[in-house]
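Protein sequence lines, in the order shown, are assigned to chains H and B.
The numbering used here puts the first residue of the first sequence at 24, with every later residue one more than the last.
The numbering used here puts the first residue of the second sequence at 24, with every later residue one more than the last.
Ideal Cβ positions, reconstructed from N, Cα and C, are used throughout, including at glycine.
What follows is a short report on a single structure.
Protein chains: 2
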Amino acid sequence: MSDLSRCSLNTATVKHATLTEAVDAAAGAGMGAVGLWRHQVAEHGAEKAARIVSDAGLRVSSLCRGGFLTTADDAGIATALDDNRRAIEEAAGVGTRELVFVVGGLPALSEPGQGPRPDAGPGDRDLVAARSRVADRLADLAPFASEHGVRIVLEPLHPMFAADRAVISTLGQALDLAAPFAPEVVGVVVDTYHVWWDPRLRDEIARAGRESRIASYQVCDWNLPLAADPLNSRGHVGDGYVDFPTVTRWVAEAGYDGDVETEIFNSEIWAADPRETARTVGERYARHVLPHL
Amino acid sequence: MSDLSRCSLNTATVKHATLTEAVDAAAGAGMGAVGLWRHQVAEHGAEKAARIVSDAGLRVSSLCRGGFLTTADDAGIATALDDNRRAIEEAAGVGTRELVFVVGGLPALSEPGQGPRPDAGPGDRDLVAARSRVADRLADLAPFASEHGVRIVLEPLHPMFAADRAVISTLGQALDLAAPFAPEVVGVVVDTYHVWWDPRLRDEIARAGRESRIASYQVCDWNLPLAADPLNSRGHVGDGYVDFPTVTRWVAEAGYDGDVETEIFNSEIWAADPRETARTVGERYARHVLPHL
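Listed below in structure tokens is the structure:
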């Protein structure tokens with residue numbers, strides 16, 4: 024039996040399971056942790072959610088997610104800051120220090136996955152300015168995160184989401200944005216789906232390790248053809264194109280010794296029995312990831 | 024009337040037009056050039072294709088495309104080199120020095136847009152090795168290109184095509200691969216669709232200019248939602264999320280004074296009258312690109 028103590032099931036992988044079902048599936052598969060989402064924590068309250076996880080003998084490897092920091096207007100900024108302060112409190116309450124941030128897309132956006140607003144002007148497409156506002160909002164939030172012992176974990180998303188979900192597109196860029204802050208306050212996640220293609224990946228993972236900023240290693244595969252909603256186009260580890268031995272070795276060489284979360288958005292996988300999905304996640308982790316950790 | 028002398032219609036934008044129809048549409052819209060594809064040149068022969076273009080008072084801004092250099096087996100390498108030598112001869116024959124290269128995806132590929140071969144092993148997913156083979160093939164081909172006065176123009180493709188079409192995903196990576204060769208032998212293309220998201224874009228365009236390697240500036244927009252085949256998901260300049268004033272200014276500041284090709288793969292646009300499409304291309308160029316060149 025493989026050692027799955029560092030293997031974590033992100034509950035988005037079993038989207039239609041309740042928190043208890045997801046936790047049972049992860050524990051039943053022999054895993055050591057789960058990654059949670061805020062709506063689940065809200066449903067039970069942080070204290071009870073934490074107990075559901077710990078009663079099953081598991082840890083919380085991360086909480087998803089804060090972010091959406093690119094808005095330019097004062098009211099939108101105030102709302103985003105409020106919501107992120109609540110997310111920081113929830114992470115502390117549920118017993119994880121790692122709060123994953125998806126930083127948001129362009130102000131030109133109508134809604135995720137869709138075209139620009141009809142009234143969007145050149146300024147609403149200004150990617151450089153949107154990225155600069157992310158830096159400003161991190162400076163606003165870092166002291167609050169620090170007080171709560173929570174780390175803001177920047178997630179670079181695949182460049183195909185740069186317009187509508189995250190203007191952070193590479194690990195190097197995430198590290199540059201994290202640089203002004205202490206590594207226990209702002210970190211990064213290495214998610215294979217989002218960064219596997221990056222020609223600078225080896226160097227940037229090594230840099231993330233040197234700077235003590237790797238807060239999470241998330242794995243899932245790059246499948247083709249892309250799903251109609253490309254957000255849901257990920258696959259079980261080993262089904263697609265990602266070179267898991269190599270990327271995992273880079274992460275291990277960078278000194279990362281934390282949990283490895285599997286986070287898959289895929290409607291076929293969501294339709295499967297959560298216990299079956301958790302078993303497959305554990306098997307794929309044992310075959311493609313664990314030997315290289 | 025705007026000056027469209029640097030505006031070029033890549034004939035892929037009017038995919039269903041004959042070469043003569045495409046050239047007439049570009050000339051009728053007041054453009055100065057067309058970008059051609061090899062199958063069109065093959066249909067007429069290089070000499071006649073060149074005459075069709077020059078008789079309309081146009082230049083050939085580039086030829087698409089060579090490449091597909093990632094195969095690992097000897098027979099595949101020999102075939103790829105042969106085909107690319109023919110492409111180099113065709114570029115010279117049709118009167119352009121700029122031959123665009125799409126370098127190919129992973130050996131794990133079954134076919135573009137599809138999942139990996141069932142028998143693909145870890146080595147077939149080795150992106151670092153695939154990229155290294157591209158460097159080797161460029162060294163094989165560079166002397167032949169140089170003798171023919173043709174430049175191999177490396178095209179970084181959007182990272183969502185890294186598995187199945189091009190293991191060159193950023194302008195910086197293309198410049199690194201070009202570095203061992205003279206700038207008149209290996210260059211790069213800046214295609215907004217593929218590189219607009221890159222946080223290092225400004226620096227890399229400036230570097231490309233300093234190194235005299237910008238062989239082409241191609242424009243089309245990043246539209247959402249992605250088309251079922253994301254290859255065909257591009258839009259007319261101004262319809263999507265790309266910040267054309269900013270990117271165009273960076274290209275101009277880098278000293279680029281060549282043609283600006285519009286290359287759009289989009290089945291709705293392909294269904295339109297080529298003359299109508301060419302007029303729209305010219306209008307969008309005049310509105311969103313020309314003022315910033």
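- Closest in C-alpha terms to residue 302 of chain H, from the list H:29, H:40, H:50, comes H:50.
- Just measuring C-alpha positions, the residue of B:111, B:296, B:145, B:256 sitting nearest residue 208 of chain B is B:111.
- Among the CB atoms of chain H, none fall inside 8 Å of the CB of residue 174 of chain B.
- Contact annotation for residue 265 of chain H against chain B: 148 [CB-CB distance below 8 Å, chain order].
- Check the Cα spacing between residue 211 of chain B and each of B:220, B:187, B:180, B:223: the tightest is with B:180.
- Between residue 269 of chain B and chain H, the shortest Cβ-Cβ separation is below 8 Å.
- Distance from the CA atom of residue 312 of chain H to the CA atom of residue 107 of chain B, rounded to whole angstroms, is 39 Å.
- If only complete runs of 3 or more residues are kept, the stretch 195-262 of chain B shows the beta strand (DSSP E) at 209-214, 237-242, in order along the chain.
- At a cut-off of 8 Å between beta carbons, residue 203 of chain B makes no contact with chain H.
- In the DSSP assignment, residue 167 of chain H falls within the alpha helix (DSSP H) that extends over 150-170.
- Within the same chain, Cβ atoms closer than 6 Å to the Cβ of residue 236 of chain H are found at 201, 206, 210, 211, the five residues on either side in sequence being excluded.
- When C-beta distances to chain H are compared with 7 Å, the residues of the stretch 129-146 of chain B below that value are 129, 131, 136, 137, 138, 139, 145, in chain order.
- Assigned with DSSP and collapsed to three states, residue 134 of chain B falls in coil, not helix or strand.
- An exposed status is given to residue 145 of chain H, since fewer than 16 other beta-carbon atoms sit within 10 Å of its beta-carbon.
- Following the DSSP letters along the chain, one finds residue 104 of chain H inside the alpha helix (DSSP H) bounded by residues 97-117.
- At a beta-carbon threshold of 8 Å, none of the residues of chain B lie near residue 86 of chain H; the nearest stands roughly 26 Å away.
- Of the residues assessed, residue 269 of chain H falls on the buried side of the cut-off, its CB having 16 or more other CB atoms within 10 angstroms.
- At least 8 Å separates the beta-carbon of residue 217 of chain B from that of residue 272 of chain B.
- Considering only H:60, H:157, H:116, the residue with the shortest C-alpha distance to residue 74 of chain H is H:116.
- The C-beta of residue 294 of chain B comes no closer than 8 Å to any C-beta of chain H.
- In this structure, H:85 is the residue among H:34, H:85, H:64 with its C-alpha nearest to the C-alpha of residue 282 of chain H.
- Put simply, the backbone Cα of residue 255 of chain B is about 11 Å away from that of residue 35 of chain B.
- For residue 49 of chain B, the three-state secondary structure derived from DSSP is helix.
- Relative to the Cα of residue 43 of chain B, the nearest Cα in the group B:26, B:27, B:71 belongs to B:71.
- Distances from the alpha-carbon of residue 289 of chain H to those of H:56, H:251, H:130 put H:251 closest.
- Distance from the CA of residue 55 of chain B to the CA of residue 33 of chain B, rounded to the nearest whole angstrom, comes to 12 Å.
- In the DSSP annotation of this structure, residue 192 of chain B is not part of any beta strand (DSSP E), being labelled neither H nor E.
- Within chain H, 222 have C-beta atoms less than 7 Å from the C-beta of residue 196 of chain B, given in sequence order.
- Contact note: residue 181 of chain B reaches chain H through 182, 183, using a C-beta cutoff of 8 Å and chain order.
- Close to chain H, meaning a Cβ-Cβ distance shorter than 9 Å, are the following residues of the stretch 231-252 of chain B: 245, 246, 247, 248, 249, 251, 252.
- Beta-bridge analysis with DSSP links residue 175 of chain B to B:122, B:209.
- Here the alpha carbon of residue 299 of chain H sits roughly 33 Å from the alpha carbon of residue 185 of chain H.
- In this structure, residue 261 of chain B lies away from residue 246 of chain B, with their beta-carbon atoms at least 8 Å apart.
- Note on residue 196 of chain B: 16 or more other CB atoms within 10 angstroms of its CB, so buried under the neighbour-count rule.
- A contact between stretches requires three or more CB pairs, one per stretch, nearer than 8 Å, and the stretch 214-228 of chain B fails this requirement with the stretch 151-160 of chain B.
- At a cut-off of 8 Å between beta-carbon atoms, residue 192 of chain B makes contact with chain H.
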